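Protein chains in written order, with our numbering: chain A, 3 to 370; chain Y, 4 to 543; chain Z, 2 to 208. Note that beta-carbon positions come from the ideal geometry of N, C-alpha and C, so glycine has one too. These numbers come from a predicted model, not from an experiment.
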Amino acid sequence: MSNYTIDNFSSLTTWFDTMLNNYMPSWLATTLECLLVGVGLLLVYSLLALFYILYERKICAYFQCRLGPNRVGPWGLLQSCADMFKILIKELISLNHIDKFLFALAPYLVIIASMLCFAVLPWGNGLQIIDFNIGIFFLLACSSIGVLGILLAGWSSNNKFTLIGALRSGAQMVSYELSVGLSILTMVVFAGTMNVGEIVEAQADHWFIFSAHIPAIIAFVIYLIAGTAETNRGPFDLPEAESELTAGYHTEYSGIHFGFFYLAEYLNLFIVSGVATLLFFGGWMPFRIEGWDGFNQIMGYIPSVVWFLGKAFIISFIIIWFKWTYPRLRIDQLLTLEWKYLLPINLVNLALMVWIVTEKLYFGQLPQ
Amino acid sequence: MAILQEKISKIFPEATFEEGEILLVNIPDAKLHDLVKSLRDDHGFDYLVTIVGMDWVTSLGCVYYLTSTETKEFISIKTQTTDRDNPMLHSIADLYAIGGIYEREVYDFFGIIFINNPDMRRLFLNIDWVGFPFRKDYDASPEINPVSTQSERQTDYTQSWIEMPDGSIKEEKTRIFNEDDFVVNIGPQHPATHGVLRFRTAVDGETIQKIDVYMGYIHRGVEKLCEDLSYMQTLHFMDRLDYFSAHNYHHGLCLAIEKAAGIEVPRRAQVIRTMMDELSRIASHCLFIGTFCMDLGATTMLFYTLRVREQILDIMEKTCGARMTFNYDCIGGVMADLDPDFIKDVKELLAVLPKNVAEYNKLFTGNVVAKSRLTGVGVLSNADAKSWAITGPSGRASGWACDVRKTHPYSVYSELKFDQVIRTEGDSMARFKNRVDEILQSKGILEQLIEMLPEGEYCAKVPKVIKLPAGHWFQVVEGCRGLFGVYIESDGSAKPYRLKLATPGLPAGAVVDHITRGQKIADLITIGGSMDYIVPDMDR
Amino acid sequence: MKQVTAQGMPYDAWKDNDYIEKLVTELRESGTNVLVGSLDKLINWGRSNSLWPLTFATSCCGIEFVSLGAARFDMARFGWEVARASPRQADFMMVAGTIVHRMVPVFRRLYDQLAEPKYVIACGSCAISGGPFRKSYHVAKGIEDIVPVDVFCPGCPPRPEAMIYSIMQLSRKIKVERFFGGVNRQENQKEFLAAHPIEDTSAANID
């Protein structure tokens, strides 16, 4: 990896890998590395989830002329820690007349799906857990496991509200998966690769949203809408529409099982923003302008992790903004929006992108 | 009035009449249905205001209040039966849609069976309830009807007593839902029902097929409680029915008592009362806008509308001393004079109001999602609105000019200039917009009231113990959600013999089944929200 | 004597300190080891700072509860704004309003559906004693006979400030709890439930 930013984790990780391999057999080194990565991932995952919960609570409070949590810890920073702590030791109610195995399995499926997606994101310069040639494909595949968890949760709870919530969620996710997939595909067509590292690298001088201009902007808007729907957030929060279905598909879940759904919801928000960052805003790549070396250098002083997280937080902010502004759609309107508007636009947009790529109407250079 | 009386006596020679403020027709039960039908079809009495169940000890019966939406004229009909063990009257549920629910209420309280009413289940009380609480010989000892944590027994069948062509009465049972219907219980603890109301909803996928409205989760027996209290003491219950229209309901009951006792209210008190009514209307509509938007998922609106509501509550608190249960209107006037800051505070409120309303419209009314969620959803036609007795802003959204402030002006309303906000679409959007517009109308009214506020007494001199002469009185006022009627029957003592409160909540809840059929589950929330019922107001 | 307080409020500003002191004494006397004690502290910190209410309101007090959530009183400051509609996920129940005969079984079931640890605040005179409707034929005379109550919040309806204070008192009470034995609210709760059993919770339908 080249030195676009001041921090370059690839040298650190390579050094660490060589050091381990010097002291122990390579199988042990790999296992240890996997373990370390796993623990680190879990830690970052939970910390980020806690941060996101507080982030949304604070943002929505400011939208609503309130202060939001400010009593637990300095500026309320420990509020979501207290919440998580409580939820960990809260009773797990065992219910009769349910499919106990599937009921217990569902929250894990949801959280595993989001954790797998989480693993693909390019965190920073050289800071990527696995960088393989079908990264984007892997991401799409993993994100659809989440639907399964929600469907199972709704069905296995043996409750009418959860069932309706799950069915809604099924219809919604299957539909919007298409739009998410197609808008990602549009960008993959442009990038010519599914390798996450290469996609980021390709955006060194121009982020895709600038270099692929019109089709990229269309794809971004569609992705943002469909991504919001994918994560079941307002105005598409029908599966857990509080005023209609009490708590939707997770009505019957208590304690940490509910906590998993709760965490996954916020993490999915981060993942959607992260993927948008990756595909449209250059991942961890700093904002660079070709030729302005001084400017590029200054931008490079900001660490890549900060770039990535910053961009993701801003996109999340937009998604949170949606939720606290718009009323909720109805199920038929939701499906109409997808099948009658987003999908055709997406297909046309894909064709447009292919045309642009073949006619070389974009700015800058492509990786291939 | 005299012409009408003549006409009735021609067709129904057995009818006797009692002249009064409102003409009262005494009619035997057998002719009741024919009389009401003829009144409805030939004389334009198309709106059934209320059915007052009565226990006159020697007999049980009902007083029906009808009004014509054209001439605004009232008429009351009294019918009774002396059979206390198995009292039966004829139903008028086929003439007025709301009649069915009103009759169920009377059955629940007095045990009067209405022949031909298709649904004669108890309305508020459990099926195992012993006795009929509003009868004068009801045994209220808690051992008979104990508080029980056991789930109440429920039935899937409606009861009805049908008159056969040969005149015999046959008891029938019909299933409420089909055997294979997917019935979802929405409520009683559900965030969208605005309290403890329960909809048993049969759905096909997301489409609603039928709703059985199940009430009584907050039935507190206010009317019965009033029978043991002096007139002064009955007033405070008015705060706790529709807690947003506390002032308006107080006003209504005070007017009824003052009318009966012949008390003249000082003009200053009248203006103050009207001001309070309009302030609470603004506060109530603000809260409506907020909670309605919250039900639709636009939570942020609630916080913006509550800001105005808090401002109004501050004004009220300064004068009345409370935020919600004000107990401010009293017999003969109001409890205390206005706070010295009152006028200044109200003027401040009125100054910010248009800006706020514009903000609500910008944030929600013009929103494309909101439009698609509300337009054409839950359409209530003009005829249905009258038949279901949907008054207030909801009724006016169906093109029915039913504002009591215009049709039967009370206090100083006849001197004020304001418009009835009327829309003809009858959908949820019209009901929503009507309320937003009424905020601005109320603002205009308040401006005029500030100008006309006279100096003088704020309360007339009234005796410590108020005794009403024997007789009965009926008074209507405009609550925030529609027509509020008070019926007082007195036997000359210091306590009401019967106090009936006709609230707008009950019809608004009952009509939900009618207008949600074929709509989506999400629309139930929209429609329920736009009808703006208050459950304690419904159950009393 | 350890001064138990919550949300940074000075100890002397609280009322009913003697009640809490009684609990603290009980806690002392029952004795505990250091490890469990500090674990208790951590658990109680989490629980007392994260109280999620159940959206449950029957009448007037419920509207004041809405005001409590609004910008002016903003219960979000204390982290109480995560109102859950599903009883499985809520921590405490603010019984805001009258409980009538028909509501009693529903209410009791809601309480039973709450996941441990669960708390109840009787909010307003109706929930405490039946209030102005006490003499009615269809009103339960207080909820004390139906569920165990932790905090009573008087008023008709209580002002939002009073509601805030009552939830703060609850969170203070949670701080003198013990996870295993001793001053354990759950034991009292079990006693209560044993004294007020429900024979059959399934809704009986008749044909």
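| Query | Result |
| --- | --- |
| Hey, does Ser375 of chain Y have any beta-carbon neighbour from chain A nearer than 8 Å? | yes |
| Does the Cβ of Arg178 of chain Y have 16 or more other Cβ atoms within 10 Å, making it buried, or fewer, making it exposed? | exposed |
| Three or more beta-carbon pairs under 8 Å between the region 109 to 128 of chain Y and the region 161 to 172 of chain Y, yes or no? | yes |
| For Val47 of chain Z versus Ala51 of chain A, is the C-beta spacing smaller than 8 Å? | Here the sequence assigns Gly to residue 47 of chain Z, which means Val is not the residue at that position. Against a cut-off of 8 Å, the Cβ pair of Ala51 of chain A and Gly47 of chain Z comes out as no contact. |
| Who are the Cβ neighbours of Leu123 of chain A in its own chain at under 6 Å, not counting the five residues just before and after it? | Gly276 |
| Taking a contact to mean a Cβ-Cβ separation below 8 Å, would you say Arg271 of chain Y touches Val140 of chain Z in this structure? | no |
| When you compare each of Z:Glu65, Z:Asn18, Z:Ser167, Z:Pro155 to Phe93 of chain Z by their alpha carbons, which one comes out closest? | Z:Ser167 |
| Are any of the Cβ atoms in chain Y nearer than 8 Å to that of Phe272 of chain A? | no |
| What separation, rounded to the nearest whole angstrom, lies between the Cα atoms of Phe435 of chain Y and Ala14 of chain Z? | 46 Å |
| Does any residue of chain A bring its CB to less than 8 Å from the CB of Val187 of chain Y? | yes |
| Can you list, in chain order, the residues of its chain whose CB lies under 6 Å from that of Glu281 of chain Y, leaving out five sequence neighbours each side? | Ser445, Ile448, Leu449 |
| For a contact meaning CB atoms closer than 8 Å, what does Gly508 of chain Y contact in chain Z? | Chain Z residues near Gly508 of chain Y: none, gap ~12 Å exceeds 8 Å. |
| Residue range of the alpha helix (DSSP H) that Ser116 of chain A falls in? | 102 to 122 |
| Taking all protein chains shown into account, decide if Ala353 of chain A is buried (16 or more other Cβ within 10 angstroms of its Cβ) or exposed. | exposed |
| Quick one, which of Y:Val479, Y:Ala392, Y:Glu460 has its alpha-carbon nearest Ala100 of chain Y's? | Y:Ala392 |
| Between the region 68 to 88 of chain A and chain Z, which residues of the former have a C-beta closer than 7 Å to a C-beta of the latter? | Arg68, Leu69, Gly70, Pro71, Asn72, Arg73, Val74, Gln81, Ala84, Asp85, Phe87, Lys88 |
| Please report the distance separating the alpha-carbon of Met117 of chain A from that of Leu111 of chain A. | 10 Å |
| How would you label Val41 of chain A, buried or exposed, when you count the other beta carbons within 10 angstroms and need 16 or more for buried? | exposed |
| Using CA coordinates, which residue listed in Z:Ala84, Z:Gly131, Z:Lys42, Z:Thr59 is at the minimum distance from Arg59 of chain A? | Z:Ala84 |
| With the cut-off set at 8 Å, would you say Phe272 of chain A and Tyr64 of chain A are in Cβ contact? | no |
| Look at the alpha carbon of Asn364 of chain Y and the alpha carbon of Thr327 of chain A, and state the distance between them as a whole number of angstroms. | 13 Å |
| Excluding the 5 residues preceding and the 5 following Met451 of chain Y in the sequence, name in chain order all residues of the same chain whose CB lies nearer than 6 Å to its CB. | One detail in the question is off: residue 451 of chain Y reads as Gln in this sequence, not Met. Around Gln451 of chain Y: Leu419. |
| Please go through the same chain and pick out, in chain order, the residues whose beta-carbon is closer than 8 Å to the beta-carbon of Ile211 of chain Y, but skip the five residues on each side of it. | Thr204, Ala205, Thr519, Arg520, Gly521, Gln522, Lys523, Ile524, Asp526, Leu527 |
| Leaving out the 5 sequence neighbours to the left and right, which residues in its chain are closer than 7 Å to Val480 of chain Y when beta-carbon positions are compared? | Asn251, His254, Gly255, Leu258, Val407, Tyr413, Phe487 |
| For Tyr47 of chain A, which of helix, strand or coil comes out of DSSP? | helix |
| Taking Cβ-Cβ distances shorter than 9 Å, what residues in chain A pair up with Asp151 of chain Z? | What Asp151 of chain Z touches in chain A: nothing, since even the nearest Cβ is about 16 Å away. |
| Assuming Asp406 of chain Y is part of the beta strand (DSSP E), what are its boundary residues? | Unbroken run through Asp406 of chain Y: none, as it is neither H nor E. |
| Which residues bound the alpha helix (DSSP H) around Val439 of chain Y? | 431 to 455 |
| For the region 248 to 277 of chain A, which residues have a beta carbon sitting closer than 8 Å to at least one beta carbon of chain Z? | Thr248, Ala249, His252, Thr253, Glu254, Tyr255, Ser256, Gly257, Phe260 |
| Using DSSP with H/G/I as helix, E/B as strand and the rest coil, what is Ile54 of chain Y? | strand |
| Is any heavy atom in the ligand MG found nearer than 7 Å to the beta carbon of Ile21 of chain Z? | Only the bare structure without any ligand can be found here, which leaves the ligand MG out of the picture. |
| Measure from the C-beta of Val121 of chain Z to each C-beta in chain Y and report whether the shortest distance is under 8 Å. | no |
| Check the C-beta distance from Leu142 of chain A over to Ile95 of chain A and give it rounded, since I have them as a contact under 8 Å. | 35 Å between Cβ atoms; not a contact. |
| Can you give me the Cβ contacts of Asn24 of chain A inside the same chain, cut-off strictly under 7 Å, excluding the 5 residues immediately before and after it? | none |
| Thinking just about the alpha-carbon of each residue, which of A:Ala108, A:Asp19, A:Val46 is nearest to the one in Ile147 of chain A? | A:Ala108 |
| Measuring CB to CB, does Glu106 of chain Y end up less than 8 Å from Ile54 of chain Y? | yes |
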